[in-house]
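**Student:** One structure is given below, represented as structure tokens, and several questions about it will come after.
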Amino acid sequence: MSVQKIGFVRRTQYSSLSYLDNKFIDLTIYNRGKEYRVHKIIVCSAIPYFAEMFSSEKEESSINRIEVDHPTELFDIIIDWAYDRTIYITRQNKSELKELADRLGMFSLVMLFRYASNIPRRISQYSHPPLKYLDNKFIDLTIYNRGKEYRVHKIILCSFIPYFNAMFSSGLEESISNKVEVDHPTKIFEMIIDWAYDRRIVITTANSSELKKLADYFCLEDLRDFNERLKRGIRFTAACDQFRLT
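Numbering (full-length UniProt numbering), first residue to last: 1 to 246.
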């Protein structure tokens, strides 16, 4: 019996990421008297200038404080973009913002500016590359699950998996630990981790029930509900096919 694919799904709500609550901070950026307490995994994923800085042999690559010099309002917008991939362009800021994005190597953002019309307008980018966790950069948490090790980032898991957010906000021993042990079906757990990192996951008739169960456990309502809608669609299609046969 073949396994039927019933849908592909990716997490799309980037705005859940937060840097203002100061959790799991590993980088402070100073810009013209203002302090930005951020996460390397986020700014390096979105801003090539920082990715190159922290991938190099330069002194900055191993430190947690750096200083830059950019117009404050524009740099605010760039940092916000790194966290929610939405930006508001006006006639007043378009030219300087495009110039700063170009200087920071943000060529995909520069392209969005090029094709933006009807200014002022808000533009969003949903086709960004998924966040990475397999290259082991900026890791601050290791999860052990049934003999397998996952080296991940607390800010990502806590932003998108309520179970981990509760764990690391609890004040209990786990909340200050950088190692956690869980016990879940390996393939399904990997799908949950991929979901958090904005990778596309494949829902099939074989994994749908277990995925829903684990999504429930981790309080992932959007993933659970999407899964349920797919299953309802399959049942409806099957019922229609049966009706046509009779």
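Glycine included, each C-beta is placed from N, C-alpha and C at the ideal position.
1) In this structure, does DSSP put Leu172 in helix, strand or coil?
2) Apply the 10 Å Cβ neighbour rule to Leu172 and answer buried if 16 or more other Cβ atoms are within range, or exposed otherwise.
3) Assuming Leu214 is part of the beta strand (DSSP E), what are its boundary residues?
4) I want to see whether chain D comes within less than 9 Å of Tyr49, judged by CB atoms only; does it?
5) Please name the residue, chosen from Thr142, Tyr30, His39, that lies closest to Asp21 on a Cα-to-Cα basis.
6) Please report the distance separating the alpha-carbon of Ile79 from that of Lys212.
7) Can you tell which of Ala196, Pro185, Glu149, Asp135 has the C-alpha that lies nearest to the C-alpha of Lys179?
8) So, Leu72 versus Arg37, is the Cβ gap smaller than 9 Å?
9) Quick one: what does DSSP say Tyr197 is sitting in, helix, strand or coil?
10) Helix, strand or coil for Tyr163, going by three-state DSSP, please let me know.
11) Would you list the residues sitting across from Asn145 in a DSSP beta bridge?
12) What does Leu27 pair with, by DSSP beta-bridge criteria?
13) Within its chain, find whatever has a CB closer than 7 Å to the CB of Ser127; leave out the 5 residues flanking it on each side and keep chain order.
14) Since Lys154 contacts Asp140 with CB under 8 Å, what's their CB separation in whole angstroms?
**Tutor:** Here's the rundown:
1) What you label residue 172 is simply residue 172 of the sequence shown in a count that begins at 1. For Leu172, the secondary structure class from DSSP, reduced to helix, strand or coil, is coil.
2) To locate residue 172, count along the sequence shown from 1; it is residue 172. Counting Cβ neighbours within 10 Å, Leu172 comes out exposed, since fewer than 16 surround it.
3) Residue numbering aside, residue 214 sits at position 214 when the sequence shown is read from its first letter. Per DSSP, Leu214 is not a residue of any beta strand (DSSP E); the alpha helix (DSSP H) it occupies stretches across 208-217.
4) In the displayed structure, chain D is absent; only one protein chain is listed.
5) Sequence index remark: in the sequence shown, residue 21 carries index 21 (1-based). If we check each option's Cα against that of Asp21, His39 comes out closest.
6) Reading the sequence shown from its first residue, position 79 is the one you call residue 79. Reading the sequence shown from its first residue, position 212 is the one you call residue 212. Computed Cα separation, rounded: 34 Å.
7) Along the sequence shown, one-based indexing puts residue 179 at 179. Between Lys179 and the set Ala196, Pro185, Glu149, Asp135, the nearest pair of CA atoms involves Glu149.
8) Reading the sequence shown from its first residue, position 72 is the one you call residue 72. Reading the sequence shown from its first residue, position 37 is the one you call residue 37. Here the sequence assigns Thr to residue 72, which means Leu is not the residue at that position. Cβ distance not < 9 Å, so Thr72 and Arg37 don't count as in contact.
9) Locating residue 197 in the sequence shown gives position 197, where the first residue counts as 1. Looking at Tyr197 - three-state DSSP - the assignment turns out to be coil, as it is neither helix nor strand.
10) Position 163 of the sequence shown, counted from the start, is the residue given in the question as residue 163. Helix, per DSSP.
11) In the sequence shown, residue 145 corresponds to position 145, counting from 1. Paired residues: Lys148, Val182.
12) By 1-based counting over the sequence shown, the position of residue 27 is 27. Within the DSSP bridge table, the entry for Leu27 names Val38 as partners.
13) As a position in the sequence shown, residue 127 is number 127, starting the count at 1. Only weak support exists for where Ser127 lies, its pLDDT of 49 falling under 50; the coordinates are left without a value.
14) For the purposes of this step, residue 154 is identified with residue 154 of the sequence shown, where counting begins at 1. For the purposes of this step, residue 140 is identified with residue 140 of the sequence shown, where counting begins at 1. About 5 Å separates the two Cβ atoms, so the contact holds.
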